[in-house]
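J.: Chains as they are written, first to last, in the UniProt record's numbering: chain A, 1 to 257; chain B, 1 to 257.
Using N, Cα and C, we set each Cβ at its ideal position, and we do this for glycine too.
The model shown is predicted, which means the values in this text are computed figures rather than measured ones.
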DNA sequence: ATAATTTGTAACTGGTTTGTAACAGCCATG
DNA sequence: CATGGCTGTTACAAACCAGTTACAAATTAT
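1. Can a CB atom of chain A be found closer than 7 Å to the CB of residue 198 of chain B?
2. Is it buried or exposed, residue 222 of chain B, if we count other Cβ atoms within 10 angstroms and call 16 or more buried?
3. Quick check: the Cα distance between residue 194 of chain A and residue 203 of chain A, rounded to an integer number of angstroms?
4. For residue 34 of chain B, decide whether its Cβ has a neighbour in chain A, counting only Cβ atoms nearer than 7 Å.
5. Give the list of continuous alpha helix (DSSP H) stretches no shorter than 4 residues that lie fully inside the segment 108-163 of chain A.
6. Could you check how far apart the C-beta atoms of residue 27 of chain B and residue 71 of chain B are, in whole angstroms? I think they sit under 8 Å.
7. Between the segment 170-187 of chain A and the segment 50-62 of chain A, do at least 3 Cβ pairs fall closer than 8 Å?
8. Could you confirm whether any beta carbon from chain B is found closer than 7 Å to the beta carbon of residue 192 of chain A?
9. Let me check one thing: in DSSP terms, what residues is residue 198 of chain B bridge-paired to?
10. Using the C-alpha atoms, what's the distance from residue 228 of chain A back to residue 236 of chain A?
11. When the distance is taken between beta carbons, is residue 253 of chain A closer than 7 Å to residue 196 of chain A?
12. Just curious, the beta strand (DSSP E) that residue 25 of chain A is in, first and last residue?
13. Quick check on residue 135 of chain B: buried or exposed, where buried means 16 or more other Cβ atoms within 10 Å of its Cβ?
14. Residues of chain B with CB under 8 Å from residue 115 of chain A, in chain order?
15. Is the shortest distance between the beta-carbon of residue 131 of chain A and the beta-carbons of chain B less than 7 Å?
16. I want to see whether chain B comes within less than 7 Å of residue 146 of chain A, judged by CB atoms only; does it?
17. Can you check DSSP and say which residues form a bridge with residue 241 of chain A?
18. Nearest chain A C-beta to residue 246 of chain B closer than 7 Å, yes or no?
19. Among the residues of its own chain, which have a CB less than 7 Å from the CB of residue 160 of chain B, if the five just before and after it don't count?
20. What does residue 227 of chain A pair with, by DSSP beta-bridge criteria?
21. Measure the C-alpha to C-alpha separation of residue 162 of chain A and residue 226 of chain A and round it to an integer number of angstroms.
22. Apply the 10 Å Cβ neighbour rule to residue 177 of chain B and answer buried if 16 or more other Cβ atoms are within range, or exposed otherwise.
23. Tell me, please, which residues DSSP counts as bridged to residue 52 of chain B.
24. Drop a sphere of 10 angstroms on the beta-carbon of residue 81 of chain A, count the other beta-carbons inside from all chains shown, and report buried for 16 or more, exposed for fewer.
25. Which residue wins for smallest C-alpha separation from residue 37 of chain A, given the options A/115, A/24, A/117, A/125?
26. State yes or no: is the beta carbon of residue 180 of chain A nearer than 7 Å to at least one beta carbon in chain B?
27. Alpha carbon to alpha carbon, how far is residue 244 of chain B from residue 65 of chain A?
28. Which residues in the same chain have their Cβ closer than 6 Å to the Cβ of residue 35 of chain A, if we skip the five residues on either side of it in sequence?
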């Protein structure tokens, strides 16, 4: 259990209406400056960007989240980028972009032969690297969508409902259907992903709207109320969304599948 | 009807037992020397290599054979490589590698933004270009194999219609026929390929036109409206294309075959 | 070149969703 | 059990989003 101190997790900032893509990107570089530079490029574009300073941290993150593209420095302390490339390539379709300080042609060739998809040399041009990432994301997501085509038709169970994730629709056991709004759906998703764990309003706000929360802000409460209403919570029992006074909300473990 | 005189078609020579791949590659370059050089690299590796000296010849070949990867000189007499890239990218998953004589960074960026997969500058290193081609072939063939899994059933069922993919024609059960435009047809194809899954306007834009979408852009909405009209959706029931507010559109699973 | 078709853009409308404010009820502590 | 902070609820307004139409631009065919 290390690392979370150095691991930088950031979501896109301001242009929240226009989330151009929901792609997840991982930046791996031991230089703080370069890592930050790259991270900020992609945040600008609306990607969900995570970063790590070495291969071990990277692997930890990769094991936990389904990333679309990894930007990987070739020279890393400990396990180097090429080794990681080879490991990643066997057994996943993730997009790999190697980043290096050297114009060295041999590095480039070996990188490509290890199965990297792209190769970018420092100093890099933001526009170029963005174009490459965008192309690669497109391809990877295309592949993923084809692979999982007739998989995961299974809808998720919550309370007495089945959740149709594509339509943002609750399907009642009695045949009733309730349409969730995008906000309600996302809230439910976040609670579902952290089932049994209390989420503070601050955390929820960050995950839902990528913005900060202040003490006078009741929007989360209202959103929870709306979701509860649609889940037909009678405020008495059958309570799925539990209020933790002074802390936040959590989804009762019994609510899951 | 020209060209077949200049079109060079070659297959790997002797080491036929060790055919590393049955990938088809097309080399497009107006310089005989460079074309020959590239062709011989790939023949060595056991690819089926075809070549063309200009965009028109290339298109002729592309229309006839299912290539995996095209190597394209940016500077071509007549229609240039970038234009061809853009045309190829809309409506096919072929791998595109741009080749250029200049180290010009701008060329490279514009190429990538047009949707090229790779970019190689002359003078090129054989080993590098082979590595890139190999990676790209792997990806393209992977995609193809997934794509063709259940595609091409000639006539696809959608709603109360049969879709004649060749003529982009809807054949009604009552004998009625409706002609789709190219855009409407492609939209329907993409929705069909991702049946039951919500596609964001951004994704649709990318698949249809290979360009970005911004929040003020209503062209997808208009296209959907036109397709809906032709599918005779009465906005009430029999609704095949479902709007998911704040997210995108999806084709109802019930619409499929 | 001209005409027809297709596609993109802009404006407007109606509807949905979301944030805010106000107030009422609840909880925890002294 | 009274108080101050926290939460639930409701109503309203602002922001946002989708459908539609008409027209201009671009493309294609004639």
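T.: In short, the structure shows the following:
1. Using beta-carbon distances, residue 198 of chain B counts as an interface residue toward chain A, with a partner under 7 Å.
2. Taking all protein chains shown into account, residue 222 of chain B has fewer than 16 neighbouring C-beta atoms within 10 Å of its C-beta and is therefore exposed.
3. Those two C-alpha atoms are separated by around 11 Å.
4. So, not an interface residue.
5. Counting only runs of at least 4 residues, the segment 108-163 of chain A fully encloses the following alpha helix (DSSP H) elements, listed from N- to C-terminal order: 126-147.
6. The C-beta separation of residue 27 of chain B from residue 71 of chain B comes to about 5 Å, placing the pair in contact by the 8 Å criterion.
7. No, the segment 170-187 of chain A does not touch the segment 50-62 of chain A.
8. No, no contact with chain B.
9. Secondary-structure assignment with DSSP links residue 198 of chain B through no beta bridge to anything.
10. Residue confidence for residue 236 of chain A is low, a pLDDT of 48 falling below 50, so the modelled location carries little weight; the figure read from the coordinates is stated next. Their Cα atoms are separated by approximately 12 Å.
11. Result yes, Cβ atoms of residue 196 of chain A and residue 253 of chain A sit closer than 7 Å.
12. Unbroken beta strand (DSSP E) run through residue 25 of chain A: 24-28.
13. Residue 135 of chain B sits buried, since 16 or more C-beta atoms from the chains shown fall within 10 Å of its C-beta.
14. Under the 8 Å cutoff, chain B gives 135.
15. Chain B, which has a Cβ nearer than 7 Å to the Cβ of residue 131 of chain A, makes this yes.
16. In terms of beta-carbon proximity, residue 146 of chain A lines the interface with chain B, with at least one pair separated by less than 7 Å.
17. According to DSSP, residue 241 of chain A bridges with A/251.
18. At a cut-off of 7 Å between beta carbons, residue 246 of chain B contacts chain A.
19. The residues are 172, 173.
20. According to DSSP, which records beta bridges pairwise, residue 227 of chain A is partnered with nothing at all.
21. CA-to-CA, the gap between residue 162 of chain A and residue 226 of chain A works out to about 18 Å.
22. Its Cβ having fewer than 16 others within 10 Å, residue 177 of chain B is exposed.
23. According to the DSSP secondary-structure assignment, residue 52 of chain B is paired through a beta bridge with B/28.
24. The residue in question, residue 81 of chain A, is buried, as its Cβ has 16 or more Cβ neighbours within 10 Å.
25. For residue 37 of chain A, the nearest C-alpha among the options comes from A/125.
26. Chain B contact via Cβ: absent.
27. Distance between the alpha carbons of residue 244 of chain B and residue 65 of chain A: 26 Å.
28. Here the set comprises 27, 29, 51.
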